[in-house]
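Per my numbering, the very first residue in the sequence shown carries number 242; after that it's consecutive.
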Amino acid sequence: MAGQVDDLGGGVYKKRLGRNLYRSIVLARGGRNWVYEYLFAKQDLANIGDDDLARLRKLAKAYEKLTESEVDALIQQSAWKEICHGIKA
């Protein structure tokens with residue numbers, strides 16, 4: 242949560258990284274998990290399009306429906322990689 246973040250609505254956030262040279266699209270899953278979905282260089286893409294934003298909002302909503310055991314299974318199957326666990330903001 243620390244750092245420069247734009248709330249794009251529907252659980253989709255754009256976070257500035259690396260001295261403002263990169264962007265990541267982060268999806269919030271019910272306020273419990275944050276999923277780094279997409280990383281791109283600012284020089285390659287200024288913003289995501291409306292169609293992509295609509296798809297990302299739909300994906301964030303789907304992530305919100307996942308149970309903790311489903312999230313654990315995604316991590317165990319290496320579909321997701323956990324980079325941080327148990328840290329409170």
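Yeah, the Cβ is synthetic: ideal placement off N, Cα and C, and Gly gets one too.
*asked:* Taking the alpha carbon of residue 258 as the reference point, which residue from 250, 280, 294, 249 has its own alpha carbon closest?
replied: 280
*Could I get the ranges of all uninterrupted beta strand (DSSP E) runs contained in the region 290 to 320, with 3 residues as the minimum, in chain order?*
none
*Going by C-alpha distance, which of 246, 245, 250 is nearest residue 293?*
The residue with the shortest Cα to Cα distance from residue 293 is 250.
*Range covered by the beta strand (DSSP E) that runs through residue 247*: Residues 246 to 250.
_With the cut-off set at 8 Å, would you say residue 254 and residue 276 are in Cβ contact?_
no
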